[in-house]
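Participant:
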Amino acid sequence: MTEDVVTPSHFIRQLISKDIAAGRYPDGIATRFPPEPNGYLHIGHAKSICLNFGVAQEFGGVCFLRFDDTNPDRESPEFVESIQQDVRWLGFDWEDRLRHASDYFQQLFDFAVGLIESGNAYVCDLSADEIRTTRGTLTSPGSNSPFRDRNPEENLELFNKMRAGEYDDGSRVLRARIDMASPNIHLRDPTLYRIRRQTHHNTGDSWCIYPMYDFTHPLSDAIEGVTHSLCTLEFEDNRALYDWVLEHVSPPSRPYQTEFSRLSLEYTVVSKRLLTLLVSRGVVSGWDDPRMPTLSGMRRRGFPPEAIVDFCSRIGVTRNQQHVEISVLENCVREALNPTAPRAFGVLRPLRVVIENYPENEEEFLEAQNHPNDPSLGVRQVPFCREIFIEQDDFMEDPPRKFFRLAPGREVRLRYAYLVTCTSVIHDENGNVCEVRCTYDPQTKGGNTPDGRKVKGTIHWVSAKHSLNAEVRLYQPLFKDPNPKFDSDTELEQTLNPDSCETVDNCKLEPSLGDAGIGSPIQLERLGYFCVDPSSTNQKRILNRTVSLRDTWARVKEK
RNA sequence: UGGGGUGUAGCCAAGUGGUAAGGCACCGGAUUUUGAUUCCGGCAUUCCCAGGUUCGAAUCCUGGCACCCCAGCCA
């Protein structure tokens, strides 16, 4: 069987194809996914992971997982662990290619020494403030540091002393000697090393100087033999420095950087800084809150990893500003879940229905399919008795034209059970409907109509006597604004969607759901896809709605 | 009037001088014991704008316009 798996063409694939065709990489290509372990991975990282691991796979190359851990101030082992878990969850395997930029600290130091010896780097005693003010602006050139012309011997001695811990944090840096008047600000004698006494999660206290990204990244790529260093567009201007570094040392290989645009998703933020803020402000319960666009959040929400990989392939890779509608993601999730998720009944907002002509103490089990389109998933027995719950939304006392669920005098099908007709309505002291009375037609067992009569509505139900209680959490986007922006706590407050998590208590589930495992997908018919939350217990069952079903009625109702 | 980028439908996106793929969304219609799924059909006479080159331009040239990124001892 040949399935038409269309791998969409994008410019990076084309570039690699061309490179391979030109014979540039006889030993194969290599890529890397280089996260900084200072936060959890999010949907934007998924795009990069799929790209880097994906093209390596397609072209018979390899992909490294490299922690870009050059800033001990913000990095931690917690993040290192979560990142590995998330990459594996997405289905990618780095095999023996787990690396840390910190593995290369000694080699990086040696390269820096080489740069000093060739007169291409110098130790600068200016303070951070002074460096900033002498850097110039976007439209005016910077001015040379008074330390720019120190000779290599002196620089070398100073740099060694920096490493030996003889100077205070922030008192000196190593700078590349390039061009203070360059129109590209990244080339105005960028800092290569800073002094920072901070225990590193990997190297402990062996270093008190740490290399900067622009120095570390090209050399790490070169050390690993990375051929295609793929990064996001905001590093475009850094490419000149990336190349400069590689051209001014003798690197073990020559990697090239190519940039693509980062993903932004409607109604969400995809920035580690802002996500960190949501966590630290307690806006969400943690990095894995089901509303978070983090991989751990989406996992807890019930998104299957294939859906995320599929999403990444559908959105493509370009250099355009990419602002994707959430419907694309939701569609991928539904498409992944629909063929496999077993069906079950659950009622979110129960309305008691008493079937008056059904015997008081009788109960029976009715057969229901676990998947209407896939008999191989089998059947289950669902208990039925005189009192059941239906969805409040499935009854209207005074229904509009196109409503074809239950209403006074109307007949509907209870899925897999019987046809029932509403005979009367009972109100509470506030005038709200609190109970509905029906009669059932014993001839219609299983929901069949032997007389061929047509029933427009089919609704779900659960037996009052047998049902399980549960709390169900329904999610909406975290933000009101499709393109949320906030710089302060008040702005954050204003843009937050107050209804992003709706907790519905006292929901009723069919008894078979008592066995549902944490995280495994279930479709509650007519309501959506759900999964059991990790915090769920037998005493207090908690379900997350992963995504609702497509709801045409909701649109009809609007009109 | 510093530098680097990007403009194809509501949102993504293919297209690489030969007459606008595909997905999502949307709108019909069929089937349906989930208003789900599935199926079938519709959805850019035009590619940011204006000129030019060419038998022929989304693709090449010129000039505009709009938007994004860069002034960390962050990545």
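Read in order, the letters of the first sequence are residues 121 to 679 in my numbering. We put the beta carbon where it would ideally sit given N, CA and C, even for glycine.
1) With H, G and I counted as helix, E and B as strand and the rest as coil, what does DSSP make of GLU156?
2) Please classify GLU445 as buried or exposed, where buried requires at least 16 other C-beta atoms within 10 Å of its C-beta.
3) Kindly indicate which residue of MET418, ILE203, LEU276, PHE199 has the alpha-carbon position closest to the one of PHE231.
4) Just to check my reading of the structure: PHE199 and GLY159 have Cβ atoms closer than 8 angstroms, yes? What is that Cβ distance to the nearest angstrom?
5) Let me make sure I understand the geometry here. Which of ILE510, PRO310, LEU218 has the alpha-carbon closest to that of LEU471?
6) Can you tell me whether DSSP reads LYS628 as helix, strand or coil?
7) Just to confirm before moving on: does the CB-CB distance between TYR478 and ARG506 stay below 9 angstroms?
8) Contact check, LEU383 vs VAL390 under 8 angstroms by CB: the rounded distance?
9) Looking only at its own chain, which residues have a Cβ that is under 7 angstroms from the Cβ of GLN169, when we skip the five neighbours before and after it?
10) Got a sec: does the ligand MG put a non-hydrogen atom nearer than 8 angstroms to the Cβ of ASN358?
11) Just to confirm before moving on: does the CB-CB distance between VAL293 and LEU339 stay below 9 angstroms?
12) Whole angstroms is fine: what's the gap from LEU235's alpha carbon to TRP214's?
13) When the Cα atoms are used, what is the spatial distance from PHE92 to SER620?
14) Would you mind sorting SER260 into buried or exposed? The rule is 16 or more other CB atoms within 10 Å of its CB.
15) Does the count of Cβ pairs from the region 480-498 and the region 572-579 closer than 8 angstroms reach three?
16) In whole angstroms, what is the alpha-carbon distance linking GLY422 and SER668?
17) Give the single residue among ALA142, THR657, VAL243, PRO641 whose Cα lies nearest to the Cα of GLU455.
18) For the region 249-256 and the region 274-289, state whether three or more C-beta atom pairs, one from each stretch, are separated by less than 8 angstroms.
19) Mind the definition here: the region 330-344 touches the region 181-197 only if three or more C-beta pairs lie below 8 angstroms; say whether that holds.
20) Going straight from the alpha carbon of ILE475 to that of GLU482, what length do you get?
21) Identify the residues that DSSP records as bridge partners of GLY324: which are they?
22) If you measure between the beta carbons of PRO413 and HIS162, is that distance less than 9 angstroms?
23) Where PRO155 and LEU468 are concerned, what is the direct C-alpha to C-alpha distance, given to the nearest angstrom?
24) Go to GLN177, then tell me how far its alpha helix (DSSP H) extends in each direction, as first and last residue.
25) Look at the alpha carbon of HIS586 and the alpha carbon of PRO503, and state the distance between them as a whole number of angstroms.
26) Starting from TRP581, follow its DSSP beta bridges and name the residues at the other end.
27) Measure from the alpha carbon of SER433 to the alpha carbon of each residue in TYR287, ILE136, PHE465, ALA166, then state which is nearest.
28) With DSSP as the reference, label ASN589 as helix, strand or coil.
29) How is HIS491 classed by DSSP in three states: helix, strand or coil?
30) Starting from ARG219, trace the beta strand (DSSP E) in both directions and tell me its first and last residue.
31) At the level of alpha carbons, what is the spacing between CYS651 and GLY148?
32) Which value, in whole angstroms, describes the spacing of the CA atoms of ARG268 and ASP309?
33) Whole angstroms are fine: how far does the CA of ILE132 sit from the CA of MET121?
Facilitator: In short:
1) The residue you call residue 156 lines up with position 36 of the first sequence. Coil at GLU156, not helix or strand.
2) Along the first sequence, one-based indexing puts residue 445 at 325. Exposed, since its Cβ has fewer than 16 Cβ neighbours within 10 Å.
3) In the first sequence, counting from the first residue as 1, residue 231 sits at position 111. The shortest CA-to-CA distance from PHE231 to any of MET418, ILE203, LEU276, PHE199 is the one to LEU276.
4) As a first step, residue 199 must be located in the first sequence, where it is residue number 79. As a first step, residue 159 must be located in the first sequence, where it is residue number 39. So it is a contact: roughly 6 angstroms between Cβ atoms.
5) Along the first sequence, one-based indexing puts residue 471 at 351. Closest option to LEU471, judged by alpha-carbon separation, among ILE510, PRO310, LEU218: ILE510.
6) Taking the first sequence and counting its residues from 1, the one referred to as residue 628 is at position 508. Correct three-state label for LYS628: strand.
7) Residue mapping note: residue 478 aligns to position 358 of the first sequence, counting from 1. Residue mapping note: residue 506 aligns to position 386 of the first sequence, counting from 1. Contact annotation: TYR478 and ARG506 have beta-carbon atoms nearer than 9 angstroms.
8) Here the question's residue 383 lines up with position 263 in the first sequence. Here the question's residue 390 lines up with position 270 in the first sequence. Correct: roughly 6 angstroms between the Cβ atoms.
9) Residue mapping note: residue 169 aligns to position 49 of the first sequence, counting from 1. It should be noted that the sequence gives Ile, not Gln, for residue 169. For ILE169, where only same-chain residues beyond five positions count, the Cβ hits under 7 angstroms are PHE153, VAL207, LEU210, PHE212.
10) For the structure depicted, the ligand MG is absent and the ligand set is empty, with no information on it obtainable.
11) For the purposes of this step, residue 293 is taken as residue 173 along the first sequence, with counting starting at 1. For the purposes of this step, residue 339 is taken as residue 219 along the first sequence, with counting starting at 1. Taking 9 angstroms as the Cβ cut-off, VAL293 and LEU339 do not qualify as a contacting pair.
12) As a first step, residue 235 is located in the first sequence; it is residue number 115 there, counting from the start. As a first step, residue 214 is located in the first sequence; it is residue number 94 there, counting from the start. One C-alpha to the other measures close to 32 angstroms.
13) The shown model of the chain, from 121 to 679, leaves out residue 92, and the question about it has no answer.
14) Along the first sequence, one-based indexing puts residue 260 at 140. So SER260 ends up on the exposed side.
15) No: fewer than three Cβ pairs fall under 8 angstroms.
16) Sequence index remark: in the first sequence, residue 422 carries index 302 (1-based). Sequence index remark: in the first sequence, residue 668 carries index 548 (1-based). So the two alpha carbons sit approximately 12 angstroms from each other.
17) Taking the first sequence and counting its residues from 1, the one referred to as residue 455 is at position 335. Nearest of ALA142, THR657, VAL243, PRO641 to GLU455, Cα basis: PRO641.
18) No, the region 249-256 is not in contact with the region 274-289.
19) By the criterion of at least three beta-carbon pairs nearer than 8 angstroms, the region 330-344 is in contact with the region 181-197.
20) Here residue 475 is taken as the residue at index 355 of the first sequence, counted from 1. Here residue 482 is taken as the residue at index 362 of the first sequence, counted from 1. Approximately 12 angstroms, taken between the alpha carbons.
21) On the first sequence, residue 324 is found 204 positions in, with the first residue counted as 1. Under DSSP, GLY324 takes part in a beta bridge, and its partners are HIS320.
22) Position 293 of the first sequence, counted from the first residue, corresponds to residue 413. Position 42 of the first sequence, counted from the first residue, corresponds to residue 162. Yes; because the gap between Cβ atoms is below 9 angstroms, this pair is in contact.
23) The residue you call residue 155 lines up with position 35 of the first sequence. The residue you call residue 468 lines up with position 348 of the first sequence. Distance from the CA atom of PRO155 to the CA atom of LEU468, rounded to whole angstroms, is 41 angstroms.
24) Here the question's residue 177 lines up with position 57 in the first sequence. In the DSSP annotation of this structure, the continuous segment of the alpha helix (DSSP H) that includes GLN177 starts and ends at 163-178.
25) Position 466 of the first sequence, counting from 1, holds the residue named residue 586. Position 383 of the first sequence, counting from 1, holds the residue named residue 503. Approximately 7 angstroms between the Cα atoms of the pair.
26) Here residue 581 refers to the residue found at position 461 when the first sequence is read from its first residue. As DSSP reads the structure, TRP581 sits in a beta bridge with ILE510.
27) Translated into the one-based positions of the first sequence, residue 433 becomes position 313. Measuring from the Cα of SER433, the nearest candidate turns out to be ALA166.
28) Locating residue 589 in the first sequence gives position 469, counting from the first residue. In this structure, ASN589 counts as strand in the three-state DSSP scheme.
29) As a working note, residue 491 is residue 371 in the first sequence. Coil, per DSSP.
30) In the first sequence, counting from the first residue as 1, residue 219 sits at position 99. Per DSSP, ARG219 belongs to the beta strand (DSSP E) from 218-220.
31) For this step, residue 651 is matched to residue 531 along the first sequence. For this step, residue 148 is matched to residue 28 along the first sequence. Distance between the alpha carbons of CYS651 and GLY148 is about 42 angstroms.
32) Within the first sequence, residue 268 is the residue found at index 148, counting from 1. Within the first sequence, residue 309 is the residue found at index 189, counting from 1. Looking at the backbone, the Cα of ARG268 and that of ASP309 are separated by about 9 angstroms.
33) The count along the first sequence starts at 1 and reaches residue 121 at position 1. The count along the first sequence starts at 1 and reaches residue 132 at position 12. Model confidence at MET121 stands at a pLDDT of 30, short of 50, so the residue's coordinates are unreliable; what they give is reported in the following sentence. MET121 and ILE132 have their C-alpha atoms some 29 angstroms from each other.
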